[in-house]
Amino acid sequence: MTSSSSAFSAPSIAERVAGVRARIDAACHAAGRDPAGVTLTAVSKTQAPEAIDAILATGQRIFGENRVQEAQGRWADRRGAVPALELRLIGPLQTNKAEDAVALFDVIETLDREKLARALAQAGEKRGRSPRVLVQVNTGAEPQKAGVLPDAADALIAAARDTYGLIVEGLMCIPPADQDAEPHFQMLRAMAERNGLSVLSMGMSGDYETAIRCGATHVRVGTALFGERNRPETPSSS
1 MTSSSSAFSA
11 PSIAERVAGV
21 RARIDAACHA
31 AGRDPAGVTL
41 TAVSKTQAPE
51 AIDAILATGQ
61 RIFGENRVQE
71 AQGRWADRRG
81 AVPALELRLI
91 GPLQTNKAED
101 AVALFDVIET
111 LDREKLARAL
121 AQAGEKRGRS
131 PRVLVQVNTG
141 AEPQKAGVLP
151 DAADALIAAA
161 RDTYGLIVEG
171 LMCIPPADQD
181 AEPHFQMLRA
191 MAERNGLSVL
201 SMGMSGDYET
211 AIRCGATHVR
221 VGTALFGERN
231 RPETPSSS
């Protein structure tokens, strides 16, 4: 008896990418925005090499990773071979990994404390490569989650810019999983406007259309592009 499982085959990565891009375009049009103003970051953490190659074949060039060491293994050989590749760190960063992060990533989205700002500035000076950074805001004040608390965010932004000379482009957040994301996105947008920041990294597989409506410039999508993750991981960024 032949198997009928092929009749229920999962969508290919190319089909998923096309679907997500179509939904981004539709969300932008519904919000009266130019789709060119929203960047898709593919969250590639835990993905197998063949999945990475498949999504690269669609033309996707912007990727988010959670861990420095894991990203080094995945991207070190591809770094020089893939034109226009942009790597973004979207997971928490320890200060002792700052130099490795600066060497690998184009953007670090998880600046959340002054000690890390100092470490990134020192690493950038040593490497001769200043990373662009986003300040991660813990909009839900969740004790288990990384991110500066909202009432301390303005001071951290100012210190990162003025004291440490970092290139602060914008803000990032991960709303609480059990709450409506929209108020958190609106909070982040207001904070960015107050500080003259143009980049808002917010919205994941389950809520990126809401984020676009609230002004997201970057959405971080993993599961909707790749399917379920290869192994369990603590919730964070896709």
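Count the sequence shown with full-length UniProt numbering and you get residues 1 to 238, in order. Ideal Cβ placement from N, Cα and C applies to all residues, glycine included.
| Check | Outcome |
| --- | --- |
| Throw me the rounded Cβ distance for the Ala51 and Ile13 pair, which I believe falls under 8 Å. | 6 Å |
| Report all residues from its chain with a CB closer than 6 Å to the CB of Lys145; omit the five preceding and five following residues, and keep chain order. | Asn138 |
| By DSSP, does Val221 sit in helix, in strand, or in coil? | strand |
| Can you check DSSP and say which residues form a bridge with Met172? | Gln136, Ser201 |
| Please state the DSSP three-state secondary structure of Asp162. | helix |
| Count the other CB atoms, across all protein chains shown, that sit within 10 Å of the CB of Pro183; report buried if there are 16 or more and exposed otherwise. | exposed |
| Tell me the residue span of the beta strand (DSSP E) that contains Ala42. | 39–43 |
| Mark Ile167 as exposed unless 16 or more other C-beta atoms lie within 10 angstroms of its C-beta, in which case mark it buried. | exposed |
| Where does Arg16 fall in DSSP's three states? | helix |
| How many Å lie between Phe63 and Glu86 at the Cα? | 6 Å |
| Quick check on the burial criterion: 16 or more other C-beta atoms within 10 angstroms. Buried or exposed for Gln94? | exposed |
| Measure the CB-CB distance between Arg127 and Glu99 and report whether it falls below 8 Å. | yes |
| Considering only DSSP beta bridges, list what Arg88 is partnered with. | Gly64, Val107 |
| Judging by CA-CA distance, which residue of Asp154, Ser198, Gly37, Ala216 is the nearest neighbour of Ala181? | Ala216 |
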